Structure formats: C-alpha cells, structure tokens
Amino acid sequence: MDFTSKSIKTLFSDVTTVFTRAKQYAEETIGTAERTELDQQYESLAERADTCKQWTERIVAKLEAVIQPNPNMRYGDILIERMGTEVKRDRLRNLEYLGNDMIDAGIAFNPSSVYGNALVKVGKAQQNLGQTERDFVANSYRTFIIPLRKFLEEDMKTITKERKVLETKRLDLDAAKSRLRKAKNMETQSNPKIKPEMIEKELDEAERDLKRAQEEFERQIEITKLLLEGLSSTQANHVRCLNDFVTSQIEFYNQCYRHMLNLQRELSYANSSNRSASFAIGDSSTHLHFQTSHLPINTNSIEPTLPQKQKQSENESITAIISPTNSVISSHNLSAAHDSNLSIRQSINRNNDNDELPSGKRRARCLNDYTAQESSEMNLSANEIIIVSHSKDLDPEWMLAERFNQELGKTETGKVPVAYLEILN
Numbered sequence: 001m002d003f004t005s006k007s008i009k010t011l012f013s014d015v016t017t018v019f020t021r022a023k024q025y026a027e028e029t030i031g032t033a034e035r036t037e038l039d040q041q042y043e044s045l046a047e048r049a050d051t052c053k054q055w056t057e058r059i060v061a062k063l064e065a066v067i068q069p070n071p072n073m074r075y076g077d078i079l080i081e082r083m084g085t086e087v088k089r090d091r092l093r094n095l096e097y098l099g100n101d102m103i104d105a106g107i108a109f110n111p112s113s114v115y116g117n118a119l120v121k122v123g124k125a126q127q128n129l130g131q132t133e134r135d136f137v138a139n140s141y142r143t144f145i146i147p148l149r150k151f152l153e154e155d156m157k158t159i160t161k162e163r164k165v166l167e168t169k170r171l172d173l174d175a176a177k178s179r180l181r182k183a184k185n186m187e188t189q190s191n192p193k194i195k196p197e198m199i200e201k202e203l204d205e206a207e208r209d210l211k212r213a214q215e216e217f218e219r220q221i222e223i224t225k226l227l228l229e230g231l232s233s234t235q236a237n238h239v240r241c242l243n244d245f246v247t248s249q250i251e252f253y254n255q256c257y258r259h260m261l262n263l264q265r266e267l268s269y270a271n272s273s274n275r276s277a278s279f280a281i282g283d284s285s286t287h288l289h290f291q292t293s294h295l296p297i298n299t300n301s302i303e304p305t306l307p308q309k310q311k312q313s314e315n316e317s318i319t320a321i322i323s324p325t326n327s328v329i330s331s332h333n334l335s336a337a338h339d340s341n342l343s344i345r346q347s348i349n350r351n352n353d354n355d356e357l358p359s360g361k362r363r364a365r366c367l368n369d370y371t372a373q374e375s376s377e378m379n380l381s382a383n384e385i386i387i388v389s390h391s392k393d394l395d396p397e398w399m400l401a402e403r404f405n406q407e408l409g410k411t412e413t414g415k416v417p418v419a420y421l422e423i424l425n
C-alpha cells in the first residue's frame, strides 16, 4: 500500500467529503439545513423516468409469465443469464409433450382403428401447435423482451447512476453554502480568540468551494436532463418493438387457426367415412330383411302345441299376411319401400361420388344455420348438402359454395365459412 503524504491527504479529503455529505443529509432530514430545490423541468423528467422504469419492469415480468407460466423455469433462465450462459429457447413446449403422448397412445391402440387414428391426427396437430408456440416465444424474446431488458439494464442504469451523482453534487453545493454562511457569521461576530486573517481565509475558501460546487452541480444537472430527455426517442423504439411483437402474435394465432382448421377437416373426413361404412352395413342388413320377407312360409311346419281353434286362427292370420289379395303389407308396398330405400342409397352414393364433380370441387354438409352478413356470402341451412371449392381470392377460413335453387331455376354462388361445413368427399 502507498502511504505517501499525497495518498494520505487524498484519503483524508475523501473521508471529509463523505462526512460532510452525511452531515448535510442528516441536517436536511431533521430540517435544520436548507436544501437546494431542483427546477420543475427536471422534476417532471425524473418522475416520467421513474414511471417508465416501473411499468417497463412490470410489462417484461408479466410477458415472461405469459410465455413461461412455470416460475421455476423462469428463475432458472434468469440464473443462467446471470452466469453469462445463453439460455436455450428451443425446449419442448407442453403441447408438444401432449402431442407425443397422444401419438404413442394412438400407436398402442392400433393406428388403423378409429380411436387410434384420431389420436395420431390430434397428436400431430398438438405437435404443430407446440412448434408454433415455440417460434412465437423466440420471436417475442427477440422483438420485445430483449430490447426492453436492454433498456432497463443499460439506459435506465445509466440514468439512475447520473441521478445519484447529481444528488451528491447537490449535497456538496448545500454544504458549501452552509460553510459560506457560517464564515460570514464569524466575520460579523467580534470574537477576540479568532484572528481576522483566519476568518478572511475561511471566507475565501468557502467562496471558492461554493463556486466549484455550483459549476459541478449545473454541469451534472445538464447531463442528467439530456439523458432523461432521451427517453422520448427510446419510447419511439419501444413502439416499433411493440408493433413487431403484435405482428408475431398475429402470425402465431393465424398459424394455430390453420392447424386446427386442418385438423377439423381431417377429423370430419374420417367421421364421414366411418358414417358411410356404417350406413353400408345397415343397408345390407335392410336388403337382407326385404329378401327374407319374400320367402314362402310353410304353415304345416307349425307345431300343434296350441288348441285347434287357436291354431286355425293363426293359420288364417298367416294366410292373410302372405295372401296376395288380402295382405296387410302387399308386394306393391314392399316394392315401393325397397325402391325408396334404393333411391336413398343412390342419393347418398351420388353425394359421396367424386367422379361426378369437376376437379377441385367437393360436397359438404352444413353443420348449422348461417345467415349471410354480406351480399357476397350465401345463407346456409343445417344438414344442407352443397358443393364447395377453394379460391385464391378468399381467405383460408372461407370457401366458394354453389347450389341449385329449384324455385328460381338457377345456380346460386357465394362464399361460406369453413367452420360451418363438413367435407363429405
């Protein structure tokens, strides 16, 4: 250690300065010393800086809580950043873990089954949503959180440091004023123990200290004001960052909507295929029922377990049922019912036939009633079958629809929302 006279003198001067500032601060606190008031412009700028710092910290904290709800993960990221290590933002999201489990469950339940196939499709959609969310988190940090953190850790720290320096300069100025005031009081008092030369020397030193403290204080307040006024340009940069964040958020929700829309289409197509298969099974059983109803009934094979009169009555009833002249359900009615059932099957087969439609057009069933909001839209009725197609001029959530109006005798066209449709083929 250097214990030269110069270093000891410097150390003594620093200790004296610290003691003088502490004394001045204590006297100001108890109200026995005057305090130099800062101008209104500086006070306004300082108040705005405090408000900006407070709300910026809250915005960053809340946004991080939204992006990463797990507080342990957030604190871990903060510790990693404090250690100077880059935080990995590419860890899997909760939706991706959910998607992985759904896919594994679908494979375990047999992907060719209805439930297993649906689990695999939903799991892939959850994975896509998780990937989209991960990209949104990375964009949020890049476009908004990191710039705001940089502002707090660099600009606001510099402003806070300069404001503390200004406070020390103000204490030095007030201490110099107090020293000069005491020297003038000593000059006015007639104390024979104090020599006039000492009083004059003390007065000169107090005036020099006051002049130097005043210059340093004015220079420091100008520096601090410039930094505080620079917050306006910083906030303009924050507006651009906020716009970038909103843009990334819009893209995030648009991608999520597209993923869910594709999932809805896949599930709707799978459900329509399952319903078609179920109807085919039910129709074959109905056809078998019609065939067996035409088989001849041998009344002689009926066991005579009932009384003779009751047996005769039953034979007469059976004869009446199968008689072509007195039948309850005649062959004409059976043929009509069979033809009606056949027409229903043919109608459904036509609805599910891709060969009858031009390329790019598909049949769809309306899930609910829809009232057109614009002239370019088309009204829908629940369970109505229409023909739809995609158009480059429309958004992904809309499709171009057409149907034949029998009352008007012409084809109606218009756009309809995809959320109200179930694609049949």
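Residue numbers (full-length UniProt numbering): 1 to 425.
Where is the CB? At the ideal position from N, CA and C, for every residue including glycine.
Just so it is clear, the structure is predicted and the values come from calculations on it, not from any experiment.
- E407 and A382 have their C-alpha atoms spaced approximately 19 Å apart.
- Between the alpha carbons of T413 and E397 lies a gap of roughly 17 Å.
- DSSP places S233 within a helical segment (H, G or I) once states are collapsed to three.
- A straight-line Cα-Cα distance of about 29 Å links E153 and I250.
- For K415, the closest of E43, M378 and Q24 by C-alpha to C-alpha distance is M378.
- Rounded to the nearest whole angstrom, the C-alpha separation of K62 and Q255 is 24 Å.
- Nearest Cα to R403 within the set E384, P417 and Y420: E384.
- DSSP lists N405 as the bridge partner or partners of K410.
- Residues L380 and Y420 of the same chain have their beta carbon placed closer than 6 Å to that of Y370, with the five preceding and five following residues left out of the count.
- In this structure, DSSP gives S389 an extended state, which the three-state scheme calls strand.
- Three or more pairs of CB atoms, one per stretch, sit closer than 8 Å, so the stretch 40 to 54 contacts the stretch 225 to 237.
- DSSP places P417 in the strand class (E or B) of the three-state scheme.
- Rounded to the nearest whole angstrom, the CA to CA distance from Q126 to N262 is 12 Å.
- In its chain, beyond the 5 residues on either side, S248 have a beta carbon closer than 6 Å to the beta carbon of N139.
- The closest CA to that of M156, considering only T224, F136 and R91, is found on T224.
- Closest in alpha carbon position to R258, among I107, K392, L79 and T132, is T132.
- DSSP, read as helix, strand or coil, puts E422 in strand.
- Taking C-beta separations shorter than 7 Å and ignoring five residues to either side along the sequence, the partners of F151 in its chain run T56 and T234, following chain order.
- If you compare the alpha carbons of M260, L148 and P417 with that of E374, the shortest gap goes to P417.
- Short of 8 Å from the beta carbon of R21, and not among the five residues preceding or following it, lie these beta carbons of its own chain, in chain order: T168, L171, D172 and A175.
- Per DSSP, R365 is one residue of the beta strand (DSSP E) stretching across K361 to C366.
- For R181, the closest of E205, E197 and T158 by C-alpha to C-alpha distance is E205.
- For E81, the secondary structure class from DSSP, reduced to helix, strand or coil, is helix.
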